[in-house]
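Visitor:
Numbering (UniProt numbering), first residue to last: 1 to 265.
#1: Could you give the distance in angstroms between the alpha-carbon of residue 110 and the alpha-carbon of residue 60?
#2: Can you tell me whether DSSP reads residue 57 as helix, strand or coil?
#3: Among the candidates 231, 85, 67 and 151, whose CA atom is the shortest distance from the CA of residue 239?
#4: Taking 7 angstroms as the limit between beta carbons, can you name the residues of its chain near residue 32, skipping five residues before and five after?
#5: Please report how far the alpha carbon of residue 16 lies from the alpha carbon of residue 38, in whole angstroms.
#6: What are the start and end residues of the beta strand (DSSP E) that includes residue 48?
#7: Give the range of the alpha helix (DSSP H) segment to which residue 102 is assigned.
#8: Just mark residue 188 as buried or exposed, buried being the case when its beta carbon has 16 or more other beta carbons within 10 Å.
#9: Rounded to whole angstroms, what's the CA-CA distance from residue 231 to residue 84? Just pull it up for me.
#10: Within 10 angstroms of the Cβ of residue 213, are there 16 or more other Cβ atoms? Answer buried if so, exposed if not.
#11: Ignore the nearest five residues each way along the sequence and tell me which others in residue 1's own chain have a CB closer than 8 angstroms to its CB.
#12: Just verifying my parser: in three-state terms, what is the DSSP assignment at residue 31?
#13: Could you give the distance in angstroms between the alpha-carbon of residue 28 and the alpha-carbon of residue 245?
#14: Tell me, which residues are paired with residue 78 by DSSP?
#15: Near residue 162, which residues of its chain fall below 7 angstroms by C-beta distance, leaving aside the five closest residues on each side in sequence?
#16: Using a Cβ-Cβ cutoff of less than 8 angstroms, which residues in the same chain neighbour residue 171 once the five nearest sequence positions on both sides are dropped?
#17: State the CB to CB distance for the pair residue 41 and residue 210, rounded to an integer number of angstroms; the pair is presumed to be in contact (CB under 8 angstroms).
#18: Taking just the CA atoms, how far does residue 182 sit from residue 35?
#19: Whole-angstrom Cβ separation of residue 115 and residue 144, contact assumed at under 8 angstroms?
Rendered as structure tokens:
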């Protein structure tokens with residue numbers, strides 16, 4: 001079925017998975033609204049094959065966009081991915097330069113298809129140090145897709161959770177100093193309005209690939225009550241079937257938010 005957005009734009013259907021796999025029939029209430037993915041294991045994937053680390057990053061591109069289509073099929077509304085962290089500047093200059101050029105090229109190649117799918121692209125992260133062409137590419141992608149409403153894909157590029165919170169605190173302090181905000185009125189909702197993506201809902205599910213079991217400074221504020229799924233699969237080998245499996249596991253969990261609920265049958 002081809003869908004339309006609020007202004008009548010036609011969206012193309014996701015391509016089916018080559019295996020013929022279909023998404024699980026989960027009740028809509030049990031489908032996570034917002035899924036975050038720490039895309040880990042590109043370097044190890046390449047090393048096991050005797051390839052340069054950059055080949056692992058290239059292979060991860062297809063994994064990402066297969067998951068985009070799988071998220072649409074399942075009914076996930078937000079998908080946030082950790083593409084380049086504030087800590088990734090510590091990598092070799094050659095790898096950093098490759099990742100900057102690669103990010104630019106990926107959205108040069110993919111943005112028309114993302115637009116056709118009805119994906120709204122957003123960027124979370126700091127501007128300083130990020131290459132100007134990458135900033136322009138991300139901002140143009142945001143502008144082109146701003147009216148799409150089928151899935152929001154948040155690219156976390158030059159992003160760090162602590163940096164985001166620190167930047168929000170600094171902006172709040174400036175507004176208090178300038179009389180635009182009262183210090184005694186600051187609460188969690190206030191802080192949320194100063195984050196990179198103020199309308200971003202909290203994460204329901206965080207997936208990390210490659211067997212590592214840590215958050216690594218990814219969307220710390222938004223992950224306060226998220227469920228976690230740590231999978232052994234290296235990112236380039238991950239696809240929508242793995243995403244669906246994590247979402248099925250999520251649907252079986254009891255989310256209590258500090259309270260008590262009856263156990264599901």
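Glycine included, C-beta positions come from ideal geometry on N, C-alpha and C.
Guide: In brief:
#1: 14 angstroms
#2: helix
#3: 67
#4: 76, 204, 205, 247 and 250
#5: 24 angstroms
#6: Note, residue 48: premise wrong, no beta strand (DSSP E); alpha helix (DSSP H) at 42–48.
#7: 93–117
#8: exposed
#9: 20 angstroms
#10: exposed
#11: For residue 1, the predicted model reports a pLDDT of 42, less than 50, meaning its position is unreliable; a value from the coordinates is still stated below. 13, listed in sequence order.
#12: coil
#13: 16 angstroms
#14: 34 and 152
#15: 217 and 220
#16: 194
#17: 3 angstroms
#18: 34 angstroms
#19: 6 angstroms
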